[in-house]
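**Student:**
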Amino acid sequence: MAIESLQALMDAARERDLVEVIISDDCVERGASREDSLARMRALYAAIRRSSAGYDPSLRSQSGMVGGDGAKMRAYVARGRTICGDYAGQVIAQALEMGESNACMKCIVAAPTAGSCGVLPAVLLPYQRREGLDDETMVRAMYVAGAVGQVIAEKASIAGAAGGCQAEIGTASAMGAAALCYLAGGDAQAVCHAAAMALKSLMGLVCDPIAGLVEVPCVKRNAAGAMIAMTSADMAMAGIRSAVPPDEVILAMREVGDKMDESLRETGLGGVAGTPFGQKVSKKMLRTSEQ
Amino acid sequence: MNLFDILGPVMVGPSSSHTAGAVRIGRIARRLLGEGTPRRAVITLSGSFAATGRGHGTDRALVAGLLGMQPDDERIARSFFVAADKGMDFRFENANLRGEHPNTARLSLTGRSGRQMSLVASSLGGGRITVVELDGLRVRFSGDLPTLIVQNRDQPGHVSDVASMLASNGVNIATLQLYRDHPGGNAVMVIEIDKAVPQAGIDWLKRVEGINGVTFLNVEEDADGD
Numbered sequence: 001m002a003i004e005s006l007q008a009l010m011d012a013a014r015e016r017d018l019v020e021v022i023i024s025d026d027c028v029e030r031g032a033s034r035e036d037s038l039a040r041m042r043a044l045y046a047a048i049r050r051s052s053a054g055y056d057p058s059l060r061s062q063s064g065m066v067g068g069d070g071a072k073m074r075a076y077v078a079r080g081r082t083i084c085g086d087y088a089g090q091v092i093a094q095a096l097e098m099g100e101s102n103a104c105m106k107c108i109v110a111a112p113t114a115g116s117c118g119v120l121p122a123v124l125l126p127y128q129r130r131e132g133l134d135d136e137t138m139v140r141a142m143y144v145a146g147a148v149g150q151v152i153a154e155k156a157s158i159a160g161a162a163g164g165c166q167a168e169i170g171t172a173s174a175m176g177a178a179a180l181c182y183l184a185g186g187d188a189q190a191v192c193h194a195a196a197m198a199l200k201s202l203m204g205l206v207c208d209p210i211a212g213l214v215e216v217p218c219v220k221r222n223a224a225g226a227m228i229a230m231t232s233a234d235m236a237m238a239g240i241r242s243a244v245p246p247d248e249v250i251l252a253m254r255e256v257g258d259k260m261d262e263s264l265r266e267t268g269l270g271g272v273a274g275t276p277f278g279q280k281v282s283k284k285m286l287r288t289s290e291q
Numbered sequence: 292m293n294l295f296d297i298l299g300p301v302m303v304g305p306s307s308s309h310t311a312g313a314v315r316i317g318r319i320a321r322r323l324l325g326e327g328t329p330r331r332a333v334i335t336l337s338g339s340f341a342a343t344g345r346g347h348g349t350d351r352a353l354v355a356g357l358l359g360m361q362p363d364d365e366r367i368a369r370s371f372f373v374a375a376d377k378g379m380d381f382r383f384e385n386a387n388l389r390g391e392h393p394n395t396a397r398l399s400l401t402g403r404s405g406r407q408m409s410l411v412a413s414s415l416g417g418g419r420i421t422v423v424e425l426d427g428l429r430v431r432f433s434g435d436l437p438t439l440i441v442q443n444r445d446q447p448g449h450v451s452d453v454a455s456m457l458a459s460n461g462v463n464i465a466t467l468q469l470y471r472d473h474p475g476g477n478a479v480m481v482i483e484i485d486k487a488v489p490q491a492g493i494d495w496l497k498r499v500e501g502i503n504g505v506t507f508l509n510v511e512e513d514a515d516g517d
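Structure (structure tokens):
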């Protein structure tokens, strides 16, 4: 990848359109045509929309811990008395629904991982509805999200087993913040600083799934990641900048991941996985696997 | 990682390594058997696949791949029932495949003709996989590039047979790996190439004395019926 840092992305966008820089980079890297690249991205966005429409509140996950919360949230938002407001309520509901669909073996789009698949749809779909944007604009925002994820994957990690949940939900939130900031009319600098602010807010988040399953606490963290993405994008649009340069934030995230104890990196041992409740579920699932 | 390793795959959850990767392992095994849906499958789960595989649907995903499903097929969740419909018997075992990646499975298949094939493959994360053993021989390939797999007797001339067939069809070789169990025994060639091999070339190779099996894995190829 030619865009090896967020600084490189900001520099390149001084002379050319940000999204065109990213599309060209993808074409060079994969030896693909511009049309091929756009067709793939359009297909991904269409898959996100299909996936959102396919939510089934009656489904339950393998352990039985996950399912139905997205519908609960929608019903609560419909009653009109939410604390965060209707719009934020829609975002939270979308994040939960996508996370639940993933846990219940429905089709989703990993962004960057399956466990964090709810963040990007949660920030993009309600925004598109509210602003009346066409799909082509949303596809351009997907490129912005993807490029930020790519830089983080190169410089740090997007795997919970390597860097904890900060690498999964943290990266997804940074991608979502960048995409939102782009859609709101922010320039490349605002976009990259929005990503950095999101990443800083989730730094240190451990990967502690009960029984090693992508269920608890993963699903609800998608809602948290989406809200932090919106907060960070709004701060960036207000002209607020990350005091620490964005690329240095990514390296700090990597260092935190390296220092994280193994029990907190997708092993199902520490954090909420290590609680008496978590261990009870884990033993139950292990018995099922041995049968 | 390229842009579409970050965004995507489009997949049935819950885990790219334990579910999407497992479907791909099942699919690659089906292709290497080369007779459509197997009649019988013995699937050995190791490491994290054994410990958390049931909760992640790894078992159903492997069976779905053997049935030819793609990672985004929502029938994966009920693949055991589909297998019953298609007359595929399967059984699971847990074992510790020492020295392998934590997410590893061994698939021992019997085809409609009685042909047997076994493979060990690992899921590396993000839906990417690597095959580490084929019919008892250590190998290493991912299926990310178009890949030609030739199983032959270990005797002079077969590398040249394959290379000249590819050259005469204008196909460039990206990587070439050779493996064998012992001199004069069973050998396997894994050739990653830049574009598809014409069927006529594959058919020609299959008729060469000493070549026992030729499989072409085309990444672009999705249609894979029974």
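One line per chain: the protein sequences are A and U, in this order.
For the first sequence, the numbering used here begins at 1 and goes up steadily by one.
For the second sequence, the numbering used here begins at 292 and goes up steadily by one.
All C-beta atoms, glycine included, are put in the ideal place defined by N, C-alpha and C.
1. So, residue 408 of chain U versus residue 441 of chain U, is the Cβ gap smaller than 7 Å?
2. In the DSSP assignment, find the unbroken beta strand (DSSP E) run with residue 245 of chain U in it and report its ends.
3. Just reading off the beta strand (DSSP E) that residue 384 of chain U is part of, what are its end residues?
4. For a contact meaning CB atoms closer than 8 Å, what does residue 367 of chain U contact in chain A?
5. Taking only three categories from DSSP, how would you classify residue 7 of chain A?
6. Does the Cβ of residue 92 of chain A have 16 or more other Cβ atoms within 10 Å, making it buried, or fewer, making it exposed?
7. By the criterion of Cβ-Cβ separation under 8 Å, what are the contact partners of residue 108 of chain A in chain U?
8. Would a check of beta-carbon distances place residue 335 of chain U closer than 7 Å to chain A?
9. Based on the DSSP secondary-structure assignment, which residues constitute the bridge partners of residue 483 of chain U?
10. From this set, A/94, A/149, A/221, which residue's C-alpha is nearest residue 127 of chain A's C-alpha?
11. Along the chain, where does the beta strand (DSSP E) containing residue 338 of chain U start, and where does it finish?
12. Check the Cβ of residue 392 of chain U against every Cβ in chain A and list those closer than 7 Å, keeping chain order.
13. Within 10 angstroms of its Cβ, does residue 515 of chain U collect 16 or more other Cβ (buried), or is it exposed?
14. If we require 3 or more residues per run, which beta strand (DSSP E) segments fall completely within the stretch 92-127 of chain A?
15. Just how far apart, CA to CA, sit residue 358 of chain U and residue 378 of chain U?
16. Please state if the CB of residue 215 of chain A and the CB of residue 98 of chain A are separated by a distance shorter than 7 Å.
17. Buried or exposed for residue 386 of chain U, please, with buried defined as at least 16 other CB atoms from any protein chain shown within 10 angstroms of its CB.
18. Specify, as a first and last residue, the run of the beta strand (DSSP E) that residue 301 of chain U falls within.
19. Short of 9 Å Cβ to Cβ, which residues in the stretch 107-138 of chain A face chain U?
20. At what residues does the alpha helix (DSSP H) containing residue 189 of chain A begin and finish?
21. Are the CB atoms of residue 396 of chain U and residue 340 of chain U nearer to each other than 7 Å?
22. Looking only at its own chain, which residues have a Cβ that is under 6 Å from the Cβ of residue 18 of chain A, when we skip the five neighbours before and after it?
23. Taking its Cβ as the centre, do 16 or more other Cβ atoms sit within 10 Å of residue 473 of chain U, making it buried, or is it exposed?
24. Taking 7 Å as the threshold (C-beta atoms), are residue 169 of chain A and residue 242 of chain A in contact?
**Tutor:** This is what the structure gives:
1. For the purposes of this step, residue 408 of chain U is taken as the residue at position 117 of the second sequence. For the purposes of this step, residue 441 of chain U is taken as the residue at position 150 of the second sequence. No, they are not a contact pair.
2. Residue coverage of chain U in this structure runs from 292 to 517, which leaves residue 245 of chain U outside it and unanswerable.
3. Working through the second sequence from its first residue, we reach residue 384 of chain U at position 93. Here the beta strand (DSSP E) through residue 384 of chain U covers 380-385.
4. Locating residue 367 of chain U in the second sequence gives position 76, where the first residue counts as 1. Result: 105.
5. Sequence index remark: in the first sequence, residue 7 of chain A carries index 7 (1-based). Helix.
6. Translated into positions along the first sequence, residue 92 of chain A becomes position 92. It counts as buried.
7. Numbered from its first residue, the first sequence carries residue 108 of chain A at position 108. What residue 108 of chain A touches in chain U: 301, 302, 303, 304.
8. The residue labelled residue 335 of chain U in the question sits at position 44 within the second sequence. With 7 Å as the cut-off, residue 335 of chain U does not count as an interface residue toward chain A.
9. Translated into the one-based positions of the second sequence, residue 483 of chain U becomes position 192. Among the bridge pairs identified by DSSP, residue 483 of chain U is matched with U/438, U/466.
10. Residue 127 of chain A sits at position 127 when you count from the first residue of the first sequence. The shortest C-alpha separation from residue 127 of chain A is found at A/94.
11. Against the second sequence, residue 338 of chain U aligns to sequence position 47. That run of the beta strand (DSSP E) goes 331-338.
12. Counted from its first residue, the second sequence places residue 392 of chain U at position 101. Result: empty, since nearest Cβ-Cβ is about 12 Å, beyond 7 Å.
13. Taking the first residue of the second sequence as position 1, residue 515 of chain U is located at position 224. In this predicted model, residue 515 of chain U has a pLDDT of only 49, less than 50, meaning its place in the structure is not dependable; the value taken from the coordinates is given anyway. Exposed: under 16 other Cβ atoms inside 10 Å.
14. Entirely contained in the stretch 92-127 of chain A, the beta strand (DSSP E) runs reaching 3 residues are, in chain order, 107-109.
15. Residue 358 of chain U sits at position 67 when you count from the first residue of the second sequence. Residue 378 of chain U sits at position 87 when you count from the first residue of the second sequence. If I take the Cα positions, the gap works out to 10 Å.
16. Indexing the first sequence from 1 puts residue 98 of chain A at position 98. Indexing the first sequence from 1 puts residue 215 of chain A at position 215. The answer is no: Cβ separation not under 7 Å.
17. Numbered from its first residue, the second sequence carries residue 386 of chain U at position 95. If you draw a 10 Å sphere on the C-beta of residue 386 of chain U, you find fewer than 16 other C-beta atoms in it, and that means exposed.
18. As a working mapping, residue 301 of chain U is identified with position 10 in the second sequence. Element bounds for residue 301 of chain U: 301-303.
19. Flagged, chain order: 107, 108, 109, 110, 111, 112, 113, 114, 115, 117, 120.
20. For the purposes of this step, residue 189 of chain A is taken as the residue at position 189 of the first sequence. Segment 188-201, the alpha helix (DSSP H) holding residue 189 of chain A.
21. Mapped onto the second sequence, residue 396 of chain U falls at position 105. Mapped onto the second sequence, residue 340 of chain U falls at position 49. Cβ atoms of residue 396 of chain U and residue 340 of chain U: closer than 7 Å.
22. Here residue 18 of chain A corresponds to residue number 18 of the first sequence, with the count starting at 1. Close CB contacts of residue 18 of chain A within its chain, under the 6 Å cut and outside five residues either way in sequence, are with 188 (chain order).
23. In the second sequence, counting from the first residue as 1, residue 473 of chain U sits at position 182. When all chains shown are included, residue 473 of chain U counts as exposed.
24. Position 242 of the first sequence, counted from the start, is the residue given in the question as residue 242 of chain A. Position 169 of the first sequence, counted from the start, is the residue given in the question as residue 169 of chain A. No.
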